[in-house]
Amino acid sequence: MRRDHFEMVALIHGRPEEVYTTLADYRHEHAHIVPAKYLRNLVVESGGAGAGTVIRYRARAFGIERPSRALISEPEPGRVLVEQETTSTLKTIFTVTPTSDAQQTHLQIASHWVPSRNPVKIIEQALYPFIMRDLYERSFKLIADYVMQKRNSVPSAHLTKQAD
0 MRRDHFEMVA
10 LIHGRPEEVY
20 TTLADYRHEH
30 AHIVPAKYLR
40 NLVVESGGAG
50 AGTVIRYRAR
60 AFGIERPSRA
70 LISEPEPGRV
80 LVEQETTSTL
90 KTIFTVTPTS
100 DAQQTHLQIA
110 SHWVPSRNPV
120 KIIEQALYPF
130 IMRDLYERSF
140 KLIADYVMQK
150 RNSVPSAHLT
160 KQAD
């Protein structure tokens with residue numbers, strides 16, 4: 000079966016575990032990195048962290064908003080997170096890869112879908128790459144900003160030298 004796809008990669012200034020935790024924590028963190036222009040009303044139906052989580056949300060494209068639902072899996076926990084829509088054939092894969100110093104992260108977002116035979120859907124799906132480019136660029140920025148904000152809000156340990 001033929002599948003279409005679109006993917007992008009960005010360098011995120013944050014350690015891989017920080018980025019992955021942000022992606023996988025649907026109950027507390029994921030809502031901060033979802034571009035509201037395209038995805039709204041994210042609700043965790045069950046689970047909340049990584050594999051087995053079920054989410055629902057409203058997806059918006061072409062001025063039309065539709066309900067969506069997805070099941071989360073982790074083929075490689077800590078590295079690969081998958082959102083498989085249960086309302087369509089759309090599958091989005093987040094892959095986290097450390098840079099050589101492990102202080103930054105290459106984040107790949109890739110979406111795959113089975114092309115429709117419906118003439119209206121064919122036209123809609125032909126425009127997916129244009130929408131996904133904007134969606135992914137916004138997502139990368141939100142992820143980078145959120146990870147940096149989290150990092151800056153954690154108080155650093157104050158070390159004091161004890162007298163001998």
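All letters in the sequence shown, in the order written, are residues 0 to 163 by numbering that gives the first Met the number 0.
Glycine residues also receive a C-beta, built at the ideal position from the N, C-alpha and C atoms.
Quickly, what does DSSP pair residue 66 with across the bridge? List them, please.
Beta-bridge pairing links residue 66 to 57.
Beta-carbon within less than 6 Å of residue 94's beta-carbon, same chain only, minus the 5 sequence neighbours each way: which residues are those?
So the qualifying residues of the chain are 79, 107.
For residue 85, collect the residues of the same chain with a Cβ closer than 7 Å to its Cβ; drop the 5 residues on either side in sequence, then sort them by chain order.
68, 69, 70, listed in sequence order.
Kindly list the residues whose CB is nearer than 6 Å to the CB of residue 28, restricted to its own chain and excluding five residues on each side of it in sequence; keep chain order.
For residue 28, where only same-chain residues beyond five positions count, the Cβ hits under 6 Å are 21.
Going by CA-CA distance only, name the one from 91, 132, 87 that's closest to residue 74.
Ranking 91, 132, 87 by Cα distance to residue 74 puts 91 first.
Smallest Cα separation from residue 56: which of 77, 129, 83, 50?
Out of 77, 129, 83, 50, 83 has the C-alpha closest to the C-alpha of residue 56.
Quick one: what does DSSP say residue 103 is sitting in, helix, strand or coil?
Correct three-state label for residue 103: coil.
Excluding the 5 residues preceding and the 5 following residue 174 in the sequence, name in chain order all residues of the same chain whose CB lies nearer than 7 Å to its CB.
With the chain covering 0 to 163 only, the question about residue 174 has no answer from this structure.
At the level of alpha carbons, what is the spacing between residue 129 and residue 43?
Approximately 28 Å, taken between the alpha carbons.
Please specify which runs of the alpha helix (DSSP H), each continuous and at least 4 residues long, are wholly inside the region 109–140, giving them in chain order.
Whole alpha helix (DSSP H) segments, 4+ residues: 118–125.
Mind checking which residues open and close the alpha helix (DSSP H) that includes residue 15?
Per DSSP, residue 15 belongs to the alpha helix (DSSP H) from 15–23.
Indicate the three-state DSSP secondary structure (helix, strand or coil) for residue 50 in the structure shown.
Reduced to three states, the DSSP call for residue 50 is coil.
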